[in-house]
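Residue numbers (our numbering): 107 to 318.
Everything below concerns the one structure shown next.
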């Protein structure tokens with residue numbers, strides 16, 4: 107019941123986090139933390155909250171799937187979706203990956219840009235065929251009359267394509283967030299959590315501890 111929410115809490119009895127544990131490159135540390143989450147068997151460890159905003163500051167958030175950590179954080183979606191439209195108007199965003207069973211959270215903020223056409227093509231080919239067809243059939247974030255209408259669109263695209271390869275639609279592709287701020291959060295007992303923040307100054311990173 108909602109009335110029980112105030113009393114819901116866990117005390118995080120985990121080992122501490124020091125700046126030296128993360129090294130000097132937060133992207134390397136992010137990859138290590140992601141690998142740790144996989145090794146620990148965290149369910150769907152690449153489920154990532156993505157927050158965007160309009161040019162006037164109206165914000166929205168949703169969960170997407172992180173697909174790469176290179177010099178940034180990569181995901182794929184429809185350019186015509188709400189998040190795509192907001193990124194077109196305001197190319198900054200924030201992400202959060204929460205690995206609850208490890209009492210860890212990774213947060214990042216930065217500038218977002220589209221991947222190259224070739225990179226989006228290469229990923230699209232790797233997707234299951236049903237997901238490829240759905241990317242063509244769905245006008246993401248737009249109203250649809252009902253579930254039946256959505257399924258009819260899917261069936262129509264599948265029939266049109268037949269056995270041929272599904273071409274990536276021009277309205278669908280990848281984004282990369284290049285961070286200028288990354289925070290590593292480790293839950294600790296009595297809410298005395300460890301928070302280590304990296305900030306980018308040009309090509310260099312500074313590091314500091316934040317109060318929980």
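Positions of the beta carbon are idealized from the N, C-alpha and C atoms, including for glycine.
Establish whether the CB of residue i and some CB of chain C are separated by less than 7 Å.
| i | result |
| --- | --- |
| residue 282 | Absent here is chain C; the protein component of the structure consists of one chain. |
To the nearest angstrom, how far is the alpha carbon of residue i from that of residue j?
| i | j | result |
| --- | --- | --- |
| residue 131 | residue 311 | 7 Å |
| residue 224 | residue 218 | 18 Å |
| residue 166 | residue 210 | 23 Å |
| residue 170 | residue 109 | 30 Å |
| residue 242 | residue 275 | 6 Å |
| residue 272 | residue 163 | 37 Å |
| residue 280 | residue 234 | 16 Å |
| residue 141 | residue 187 | 30 Å |
| residue 191 | residue 185 | 7 Å |
| residue 290 | residue 172 | 17 Å |
| residue 248 | residue 287 | 32 Å |
So the alpha helix (DSSP H) residue i belongs to, where does it begin and stop?
| i | result |
| --- | --- |
| residue 142 | 132 to 145 |
| residue 256 | 253 to 267 |
| residue 110 | Taken as a continuous stretch (DSSP letters only), residue 110 belongs to no alpha helix (DSSP H), as it is neither H nor E. |
Considering residue i, what are the terminal residues of the beta strand (DSSP E) in which it resides?
| i | result |
| --- | --- |
| residue 286 | 278 to 292 |
| residue 155 | 153 to 159 |
| residue 235 | Premise fails: residue 235 lies in the alpha helix (DSSP H), 235 to 243, not in any beta strand (DSSP E). |
| residue 128 | Here residue 128 belongs to no beta strand (DSSP E); instead the alpha helix (DSSP H) covers 125 to 128. |
| residue 207 | Segment: none, residue 207 is in no beta strand (DSSP E) and carries neither H nor E. |
| residue 300 | 300 to 307 |
Throw me the rounded Cβ distance for the residue i and residue j pair, which I believe falls under 8 Å.
| i | j | result |
| --- | --- | --- |
| residue 200 | residue 213 | 7 Å |
| residue 175 | residue 135 | With 8 Å as the limit, residue 175 and residue 135 do not qualify as a contact, their Cβ atoms being about 10 Å apart. |
Are three or more beta carbon pairs between the region 202 to 214 and the region 146 to 161 nearer than 8 Å?
-> Enough Cβ pairs lie closer than 8 Å, so yes.
Residue ranges of each beta strand (DSSP E) run of no fewer than 3 residues wholly in the region 162 to 199, ordered along the chain?
-> When DSSP assignments are scanned along the region 162 to 199, the uninterrupted stretches of beta strand (DSSP E) that are 3 or more residues long and fall wholly within it turn out to be 165 to 171, 179 to 184.
Specify whether the region 251 to 268 and the region 156 to 163 touch according to this definition: at least 3 beta carbon pairs, one from each stretch, less than 8 Å apart.
-> Taking one beta carbon from each stretch, the region 251 to 268 and the region 156 to 163 have fewer than 3 pairs nearer than 8 Å; the two do not touch.
Meets three-Cβ-pair contact criterion under 8 Å: the region 240 to 255 and the region 285 to 304 = The region 240 to 255 makes no contact with the region 285 to 304, as fewer than three CB pairs between them are under 8 Å.
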